[in-house]
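What follows is a set of notes on a single structure, which appears directly below.
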Amino acid sequence: MQLIEEAIARQASLRPDRLAITHLGFESGGEPRRSEVTFGELHRLATAFAVHLSATVKPGQRVMLLHNTGVDFIVEFFGCLLAGAVPIPAPEPEIPYHRAAERLTRIVEDADVTAATIARQVSAADVVALSPRLRSVTWLEHVTPGQEDLDRFDRFSRLAQGAVLSAGAARRDDVAYLQYTSGSTGSPRGIEITHGNVLDEVDYFGAALGLDEDSVLVNWAPLFHDLGLVLGVLVPLLRGSHIVTMSPQAFVRDPERWLRAISDFGGTHSAAPNFAYDLCLRRIPEARRAGLRLDTWRVAINGAEPVRAETVDRFAEVFAPYGFRAEAMRPSYGLAECTLAVTTPPLNETPGRFVADRDALSEGIAKTATVGRTLVSCGRPIPGINVTIVTQDTREELPEDTVGEIRVTGWGVARGFHGEPVRMTQLYTGDLGFFHEGELYITGRRKDLIIVRGQNFHPVDLEHVAERADPQIRPGCLAAFQDGDSVGLVCEVRGQRSEESLAETATAIQRVIAETFQLKLDVIALVQPGSVPKTSSGKVRRNECGRRLASGELRVRYRTQQVSAPARPQISAAAARPMLRFLLGRILGVPAPQLEDDVPFADYGLDSKGAHELAGELERLLDAPVASSMIFDYPTISDLAKALESR
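Okay, so the sequence shown: first residue is 1 according to full-length UniProt numbering, each after it adds one.
This is how it looks when you write it as structure tokens:
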């Protein structure tokens, strides 16, 4: 098969009366309203929409679909393809509309959009009123045929088939749809996903997950996002699977709905970012887990944002009594520029763990440690996808256990970006990681990397440590960033708090960051919940957060440019010893593990210049005066650590 629409037509022919879609609508709360569509009905509805669309849109023109989820979106997506149009999934506008209007205007201008559909509960007139450019688009409101239209549609099916056939000269390498993504740092760009990209995803990724006609995939991820569209709709439907959908808003309001749908429908596959599994742990108490049956859930994809080992372990532990198996959790790596999937663990393989030495990792070396940063493997490259780790400057390939930029080649790489003449044959992802024993481990994002005096800090490390400073800090809702020479951290905090209480939280954050990383934060801002900007998949937009903080757009509850170190004692001897080993090792050029606590500094060759440098580093980290004479008065790591504690 060459085209996506041929693949869905084949499924309609093979199993016309089998359920394709069950959508759960929670608009009124309580029990969901079900909308069910068979494969045969889906193809007929999509063809009817194609007939309607062809009166307005010519083959090759772009149509924007403004829905978060639902049967309408899926019908319209396939209908666009049948009419030869290029669909553009985009978020359903939310009140206030001005921010959505800005983004939609950029998409309309970039893609030269001809027409747009919009969710039934949203008024196009309200959105269009905010942007003159949106008025040039033909808005098709509430035109998606429903099942009640099928009898009427059958009367002009020959006309419909004629319209579809007249549209089709598409080839495997032609653009099927545009996937717009702002990523975590930039403005929307349209990724050109071809029919071949999708059909290969269906074949290779679908096979890797074991999806077939007996599978049931439950999805709440938004359909304008690659995770929701590709894994939530296209791959399962084109392999003959039944999909169960709900809106992302329904999930966020009550995460139990997701697990209850898996339980009720015998879900075999589902996927979500790490925060969703966290949300289930926080928001579904034991009393509400009664009756859950998760024993049918064979594949639980965890991706689209950094995977946290503690989340994976805790989810498996808490939901094991309800049938969830730890081996079902499949941390995976992918990105929209590669259609979706890049790596995933084979079904018969348990994803690896790597406890990385933080100091070595900051130098680009993956070295195991007893205590350090625990990384979860994202599996192995999917067949036909080649993944290599390269240097960020010369693009030379690096060996295993060396951190570098992730480069991807193979069938999944998109054709390119809309409006840009260069075709992509390989993708430099901007993500950092390494291979260990053939498995990929992600360490961070190149653009987000914080570099202080030549040392690399991954923002996610700072954020994970900082959120433990106070239980009122919202997990996953922090952003560490760099602005010139300054390092800042924005944290969302819950509850009504006095300024004094917030100041104590900031001080606790500064303390734990200094003790763990020997790093001083220049700016700490505690903000209202919902303030930290994120992408549609839940990734923190760190640079955008820094920009909004600087421009005053964040709802700041407490901010300090100079957060004092805690009152004496400033640092415990236990925390000071590894800090001193690290600093001395850097000054002396000696690996920190080789430095012993009771050996005099002079035996390692520390001279007066080195003593001054050490005093300066301590002064910077502790934000308090440290005389060089103190280094000579307390000439071992053990002595100096005790002296720092008692100051």
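Where a beta carbon is used, it is the ideal one built from N, C-alpha and C, also for glycine. Bear in mind the structure is a predicted one, so any value in this text is a computation, not a measurement.
Rounded to whole angstroms, C280 and F481 show a C-alpha spacing of 28 Å. Between A101 and L130, the gap from beta carbon to beta carbon is short of 7 Å. Contact between the segment 227–247 and the segment 260–277 is present: three or more C-beta pairs spanning the two stretches fall below 8 Å.
When rounded, the separation of the alpha-carbon atoms in G232 and L223 is 8 Å. A479 is not a Cβ neighbour of V422, given a cutoff of 7 Å. Inclusion of V307 and V376 in the CB contact set at 7 Å is warranted, their separation being smaller than that value. Distance from the Cα of R415 is smallest, within the candidate group N302, E544, E192 and P578, for E192. For S629, the three-state secondary structure derived from DSSP is helix.
In the structure shown, C477 falls within a strand segment according to DSSP collapsed to helix, strand and coil. The C-beta distance from A503 to Y558 rounds to 7 Å, short enough to meet the 8 Å contact threshold.
Around the beta-carbon of H458, 16 or more other beta-carbon atoms lie within 10 Å, marking it buried.
E201 is the residue among R44, S54 and E201 whose C-alpha sits nearest the C-alpha of V342.
By the CB criterion at 7 Å, V403 and L432 fall inside the cutoff.
R547 and V490 have their C-alpha atoms some 11 Å from each other.
Three or more beta-carbon pairs drawn from the segment 525–538 and the segment 466–479 are found closer than 8 Å, and the two stretches are therefore classed as touching. Using a Cβ distance threshold of 7 Å, F49 and V86 do not count as a contacting pair.
Runs of the beta strand (DSSP E) lying entirely within the segment 356–398 and spanning at least 3 residues, in chain order: 373–376 and 385–390. Annotation: C338 is outside any alpha helix (DSSP H) and is labelled neither H nor E by DSSP. Taken through DSSP and simplified to helix, strand or coil, M329 comes out as strand. Scanning the segment 427–496 from its first residue to its last, the whole beta strand (DSSP E) runs of 3-plus residues come out as 439–445, 450–452, 455–457, 473–483 and 486–493.
The residues V413, A414, R415 and G416, in chain order, have a CB closer than 7 Å to that of M424 in the same chain once the five nearest residues on each side in sequence are set aside. Sequence-distant Cβ neighbours of A176 in its own chain, meaning closer than 7 Å and more than five residues away, are I4, L81, I193, T194, H195 and V198. Two segments are said to touch when three or more pairs of C-beta atoms, one from each, lie closer than 8 Å; by this definition the segment 490–500 touches the segment 513–529. Per the coordinates, the alpha-carbon of V626 lies some 9 Å from the alpha-carbon of L614.
Within the same chain, and ignoring the five residues on either side of E256 in sequence, the residues whose Cβ sits closer than 7 Å to its Cβ are I284 and R288.
In the structure shown, the three-state DSSP call for K534 is strand.
Rounded to the nearest whole angstrom, the CA to CA distance from E397 to A369 is 25 Å. Residue burial is scored here from C-beta neighbours: H23 has at least 16 other C-beta atoms within 10 angstroms and is therefore classed as buried. Sequence-distant Cβ neighbours of L229 in its own chain, meaning closer than 7 Å and more than five residues away, are P89 and L223. Nearest to Y333 by C-alpha distance, out of E363, E27 and A271, is A271. Secondary structure at T402: strand, using DSSP grouped into helix, strand and coil. For W258, the uninterrupted alpha helix (DSSP H) segment begins and ends at E256 to F265. A direct Cα-Cα distance of roughly 38 Å separates A276 from R577. D226 counts as buried, since at least 16 other C-beta atoms from the protein chains shown sit within 10 angstroms of its C-beta.
Excluding five sequence positions before and after F601, the CB atoms of its chain that fall closer than 6 Å to its own CB belong to P635, given in chain order. Restricting attention to S362, L618, V57 and A574, the CA atom closest to the CA of D597 is found in A574.
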